[in-house]
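So the structure is just underneath, and the comments pick up after that.
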Amino acid sequence: MTDLVVISLESWDGVWRRNQHLIWRMLHADPALRVLFVEPPADPAHELRSGRRPRRGRGLDDSTLAGRLWTMRPLKLLPRRLGDRADASITQQVVRAARRLGMDDPILWVNDPGGAEISRRTGWRTLYDMTDDWLAADRPAGQLDRVATHERFLLADADQVVACSAELQRRKSAQRPSDRDPVALIRNAVDAEAYRRPSPRPADLPSGPIVLYVGTLHEDRLDIALCETLARDLGDRGSLVLVGPNALASAASVNLRDAGVTLLGPRPHDNVVAYLQHADVLVVPHAVTPFTDSLDPIKLYEYQAVGRPVVSTAVAGFRDAEDDRIVIADRAGFTDAVIAALRAAKPFPAGADRAVADWNDRADAMLGILASMARPKSP
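Add 2 to the 1-based position in the sequence shown for the numbering used here, that's all there is to it.
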């Protein structure tokens with residue numbers, strides 16, 4: 003039996019990211035695997051200061067896959083200014099939950115670099131799965147200092163380190179000690195079969211041609227000004243629709259709506275495919291920065307699976323894809339490229355017949371990483 007404690011950057015909800023795709027398939031591929039999925043801590047004091055409704059901590063919940071997959075949300079009781087006591091409290095909550103499940107010697111899967119504190123305090127075997135270069139993100143200096151400290155520890159001490167992109171692998175490999183296994187590369191993927199199964203048109207899509215973006219709306223990635231310009235320039239030739247969790251400042255959301263952008267919010271991962279299939283053109287209006295250059299966008303694989311024409315800025319993944327369905331455009335030529343793609347677009351399933359990387363293969367690769375971390379069996 004393999005026990006896995008996952009320290010995730012995201013909750014286990016209807017919007018699936020890399021963690022959920024991999025872990026769900028790993029659970030089905032290995033019947034001996036058990037997973038405790040630790041969601042980001044609830045921080046009521048910070049949420050109140052930010053004008054958001056405060057969340058509460060949540061104990062063990064195995065309603066998603068009984069007896070195999072448990073989720074929990076720790077409660078952040080103390081502010082960072084009190085030093086290590088906040089980290090100690092969260093670690094205690096995670097360890098207590100793991101012990102209740104009989105997980106006395108689990109493997110720790112760290113996706114949130116802050117999980118370094120749990121690794122350091124418990125001594126559990128650790129896998130660091132890097133999905134973003136947070137040191138290249140626009141963050142306050144104090145937050146960047148904490149991330150740098152956590153990442154130094156993980157790169158030096160984790161039993162295995164995995165990167166989702168070749169650029170992340172390149173940037174971080176020099177910090178990995180020579181007596182440790184090198185940083186492995188396991189890219190993202192898509193459930194190709196599900197994305198090619200025809201779905202009805204979602205009722206909340208506007209009428210007429212659809213120019214669609216799917217993904218979390220975050221100013222680290224999304225070029226807000228480009229989205230506003232595109233929506234205005236399209237006019238009655240099409241509607242720019244953004245589907246995904248909205249992490250933008252309220253002013254940015256207002257500006258997008260004023261420009262004519264339709265913000266639909268998050269949709270369950272099983273429903274996203276319908277929006278993609280019924281788009282006339284898919285877009286990636288991302289800012290090109292050192293942060294976005296570290297990514298391996300899941301939307302690359304999702305967009306390729308449905309075969310719709312794509313217009314993207316020159317971001318990692320899309321600019322490197324050898325795919326004639328993808329047009330790379332700068333900000334000045336973005337709208338013209340979208341309009342040209344609209345004129346040439348054909349309905350789904352046109353173009354949805356090419357090979358694309360599948361999550362099952364990525365899950366098998368990650369199971370191989372876990373197998374390399376297994377304790378030797380007693381004679």
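For glycine and all other residues, C-beta sits at the position ideal for the given N, C-alpha and C.
As the structure is a prediction and not an experimental result, all values here were calculated from the model.
Reference residue i, options the options, closest by Cα
i, options, result
"W126", "W111, A143, Y197 and Q145", "W111"
"G267", "V7, V17 and L6", "V17"
"T231", "G104, R182 and G335", "G335"
"A343", "S314, A323 and A354", "S314"
"Q238", "P247, D225 and A261", "Rather than Gln, the amino acid found at residue 238 in this sequence is Asp. Ranking P247, D225 and A261 by Cα distance to D238 puts A261 first."
"D159", "N257, T93, V213 and P184", "P184"
"A274", "Y305, K174 and A289", "A small fix is needed here, since residue 274 is Val in this sequence, not Ala. Answer by Cα proximity: Y305."
"E169", "M368, L157, L24 and T133", "T133"
"V312", "P211, D64, A165 and Y215", "Y215"
"S252", "L265, E41 and D272", "L265"
"A227", "A186, V263, V213 and S209", "V263"
"A346", "V286, C166 and R310", "R310"
"S374", "G69, R172 and D161", "D161"
"L258", "R198, D282 and C229", "C229"
"V285", "W72, L242 and A176", "L242"
"A276", "E324, H288, Y197 and A165", "Y197"
"V213", "D89, Q145, D282 and A88", "D282"
Straight-line gap, residue i to residue j (C-alpha atoms, nearest Å)
i, j, result
"D45", "L77", "6 Å"
"I120", "R234", "48 Å"
"W14", "W26", "11 Å"
"P33", "A365", "14 Å"
"I371", "T66", "25 Å"
"G240", "T337", "11 Å"
"F350", "H280", "7 Å"
"T128", "A143", "27 Å"
"R269", "K174", "33 Å"
"K301", "R172", "22 Å"
"Y130", "M368", "12 Å"
"R182", "A376", "16 Å"
"E256", "R178", "Inspection of the sequence shows that residue 256 is occupied by Val rather than by Glu. So the alpha carbons of these two residues sit roughly 44 Å apart."
Close Cβ partners of residue i (< 8 Å) along its chain, the five nearest in sequence each way excluded
i, result
"R101", "none"
"P444", "In the structure as shown, the chain starts at 3 and stops at 381, and residue 444 therefore has no counterpart that could be examined."
"T93", "E119, I120, R123 and T124"
Status (buried if at least 16 other CB within 10 Å, exposed otherwise) for residue i
i, result
"N21", "buried"
"G217", "buried"
"H220", "exposed"
"D332", "exposed"
"L62", "exposed"
"D12", "As written in the sequence, residue 12 is Glu, which differs from the Asp given in the question. E12 is buried by the Cβ-count criterion."
"P2", "Limits of the chain in this structure are 3 at one end and 381 at the other, which puts residue 2 out of reach."
"S209", "exposed"
"S180", "exposed"
"Q95", "buried"
"A194", "buried"
"H23", "buried"
"T73", "buried"
Own chain partners of residue i with C-beta closer than 6 Å, once the 5 adjacent residues on each side are dropped
i, result
"D5", "R36, M105 and P108"
"V7", "L38, A100, P108 and L110"
"M3", "A34"
"A191", "Y303, A359, D360, W361 and R364"
"E153", "P115"
"P287", "D225, L228 and C229"
7 Å CB neighbourhood of residue i in its chain, flanking five on each side removed
i, result
"F155", "A118 and R122"
"D222", "A139, D140 and F293"
Any non-hydrogen atom of the ligand FMN closer than 7 Å to residue i Cβ
i, result
"G59", "Absence of the ligand FMN is noted for the structure shown, with no ligands found whatsoever."
> With contact counted as at least three CB pairs below 8 Å, one residue from each stretch, are the region 281-297 and the region 312-322 in contact?
Replying inline: yes
> Below 8 Å, can you find three or more Cβ-Cβ pairs linking the region 57-67 to the region 197-210?
Replying inline: no
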